[in-house]
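Asks:
Residue numbers (the working numbering): 46 to 581.
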């Protein structure tokens, strides 16, 4: 049997103290506060001896010296001098006279919170057996009855049927009791008798038929017959009054029923709950588009923007070359080149036109070279110096045109080469993204023991680990669901597990031109071994 817990009143409890007010002696026997007061007042005293002249120097020095010593070492009633100075100024500038104003208080019976208090007290003071019933009753009193919107058509239908058939709702039966009242005769006031005379006794007048004496009721199994009482004019008047009141009530009910706007009953209407059509009002059901649009990655967008930019630059260069007149009409008629059509989405037509212009520039350059050679030969056999100078000017002009054609030819070739390289890179990227390869698991110790958590290591082609490589995990729709980076050891681990399903892991290309394959992975609720990514 456990011992009774006796109250312990003789135990002395420690007085709580603020341990943060303890000041430690950090500089010899001085605390930081004492040392600061001595240094500040000593500095002011030293400056006073240097700067203040005349009779004010020594009073100022003595005052600040004594002030510093008092603030640091002289407590008054266990309080420092600095605390006394602060309390003095607070007492001087704080108000010393206050005015009390009585505020009107509302009685608790008229406050809204009192209702909840009374209700809670009623529940608390009720017996345990009926407390739940009282709570339900109070909640039912406060709860408003909610009408189902689907029951409204049913009520309207019942009202229409009653209106058509002409059913009159029976009025509530009035409970009445018929009884006979005794007729009371007015008695004339009796004058008091004179002294010496005997009062005369007046005979009692009959007030009507005498009541029959009540017989004791006999107990029998048969019901007693109902005896109809005699109707009096007062009963007839009350009955007529009730009939008038009932007629007036029915007239008011009929007037209220006529004012209700009710649509006529038609055969296409049915009683019961109303069918709710989920289609729009116009009858058109907009279904979701089949299939989803996969958002392109930033690398794909950069490649396409680069291809578009190079194609635009090449188109402008072609227009500039054609507009400058570097290609003669005769040369254009002689060109019959049919380059192979490029099977790409962007830049194909521009490449075909560029190849044709390159061939034209090449033929134009060959034609200018032949003309220059022929002019040099004819210059040597010129009969006069004037013809020789004219041919020299023509040769110079042709050489300038040839150099311009050569520069256009080289520039056009260089831009076509860049555009074709970008197109090949895009084709290679599309091939890589369309066919993800199977994962290659690393032969290292598992980095996690939780299911559906992707982990692994990223290496270069020579086997060295790569730090800060971005990995993106996408679901079947191509949406990125996770993104993480490799640490200093080249390892990566997801913090949260993936949901079951198919995923692809993409590794962004590094700065030293390392590319990685796209890995396809399926999460089944099992532990996924570490995956190894090796750059190419």
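Backbone N, C-alpha and C fix where the C-beta goes; we use that ideal spot for every residue, glycine too.
Using only the alpha-carbon positions, how far apart do residue 287 and residue 204 sit?
Replies: 27 Å
Asks: With a CB to CB cut of under 7 Å and the five nearest residues on each side skipped, what residues in its chain are close to residue 325?
Replies: Residue confidence for residue 325 is low, a pLDDT of 42 falling below 50, so the modelled location carries little weight; the figure read from the coordinates is stated next. Within the same chain, no Cβ atom closer than 7 Å to the Cβ of residue 325 is found once the five residues on either side in sequence are excluded.
Asks: Closer than 8 Å is the cut-off here; do at least three beta carbon pairs connect the stretch 540-549 with the stretch 445-454?
Replies: no
Asks: Determine the burial state of residue 194: buried for a count of at least 16 other Cβ atoms within 10 Å of its Cβ, exposed for fewer.
Replies: exposed
Asks: Could you pull the DSSP bridge partners for residue 501 from this structure?
Replies: 537 and 576
Asks: Excluding five sequence neighbours on each side, which residues of the same chain lie with their C-beta closer than 8 Å to the C-beta of residue 417?
Replies: Take residue 417, set aside five residues on each side of it, and the residues of its chain with a beta-carbon closer than 8 Å to its own are 440, 443, 444 and 447, in chain order.
Asks: Can residue 553 and residue 529 be called in contact, C-beta distance under 9 Å?
Replies: no
Asks: Alpha carbons only, please: which of 179, 79 and 147 is nearest the one belonging to residue 114?
Replies: 79
Asks: Taking 9 Å as the threshold (C-beta atoms), are residue 457 and residue 499 in contact?
Replies: At a Cβ-Cβ threshold of 9 Å, residue 499 and residue 457 do not count as neighbours.
Asks: Just reading off the beta strand (DSSP E) that residue 511 is part of, what are its end residues?
Replies: Run containing residue 511: none; DSSP gives neither H nor E here.
Asks: State yes or no: is the C-beta of residue 495 within less than 9 Å of the C-beta of residue 576?
Replies: no
Asks: So residue 564 and residue 484 are supposed to be a Cβ contact under 8 Å. How far apart are they, rounded?
Replies: 5 Å
Asks: Assuming residue 580 contacts residue 559 (C-beta within less than 8 Å), just tell me the rounded distance between them.
Replies: Residue 580 to residue 559, Cβ: 3 Å. Contact.
Asks: Please tell me whether, using a cut-off of 8 Å, the distance from the CB of residue 517 to the nearest non-hydrogen atom of the ligand NAD is below it.
Replies: The model depicted lacks the ligand NAD and carries no ligand whatsoever.
Asks: Between the alpha carbons of residue 166 and residue 290, how many angstroms are there, rounded?
Replies: 46 Å
Asks: Look at the alpha carbon of residue 121 and the alpha carbon of residue 131, and state the distance between them as a whole number of angstroms.
Replies: 14 Å
Asks: Please report the distance separating the alpha-carbon of residue 493 from that of residue 481.
Replies: 25 Å
Asks: Following the continuous alpha helix (DSSP H) through residue 116, name the residue where it begins and the one where it ends.
Replies: 102-118
Asks: Pick out whichever of 97, 357, 58 and 87 has its Cα sitting closest to the Cα of residue 582.
Replies: Missing from the structure shown is residue 582; the chain here goes from 46 to 581 and no further.
Asks: I'd like to know whether the C-beta atoms of residue 351 and residue 469 end up nearer to each other than 9 Å.
Replies: no
Asks: Measure the alpha-carbon distance for residue 413 versus residue 505 and round it to whole angstroms.
Replies: Looking at the two C-alpha atoms, the distance is approximately 53 Å.
Asks: Please report the residue range of the alpha helix (DSSP H) in which residue 126 lies.
Replies: 126-138
Asks: Give me the Cα-Cα distance between residue 144 and residue 100, rounded to the nearest whole angstrom.
Replies: 50 Å
Asks: First and last residue of the alpha helix (DSSP H) that includes residue 78?
Replies: 77-96
Asks: Give me the DSSP bridge partner(s) of residue 517.
Replies: Partner residues in the beta bridge of residue 517, as assigned by DSSP, are 528 and 551.
Asks: Using three-state DSSP, classify residue 483 as helix, strand or coil.
Replies: coil
Asks: May I have the straight-line CA-CA distance separating residue 192 from residue 569, to the nearest angstrom?
Replies: 50 Å
Asks: Determine the DSSP secondary structure at residue 190, reduced to helix, strand or coil.
Replies: Taken through DSSP and simplified to helix, strand or coil, residue 190 comes out as coil.
Asks: Under DSSP, the beta strand (DSSP E) around residue 70 begins and ends at which residues?
Replies: 70-72 is the extent of the beta strand (DSSP E) around residue 70.
Asks: Out of curiosity, what's the CA-to-CA distance linking residue 535 and residue 356?
Replies: 39 Å
Asks: Under DSSP, the beta strand (DSSP E) around residue 564 begins and ends at which residues?
Replies: 564-568
Asks: Buried or exposed: residue 486, going by 16 or more other Cβ atoms within 10 Å of its Cβ?
Replies: exposed
Asks: Taking the Cβ atom as the reference point for each residue, do residue 105 and residue 97 lie within a distance shorter than 9 Å?
Replies: yes
Asks: Could you tell me which residues DSSP puts in a beta bridge with residue 121?
Replies: 124
Asks: Excluding five sequence neighbours on each side, which residues of the same chain lie with their C-beta closer than 7 Å to the C-beta of residue 520?
Replies: Hits under 7 Å: 526, 546 and 548.
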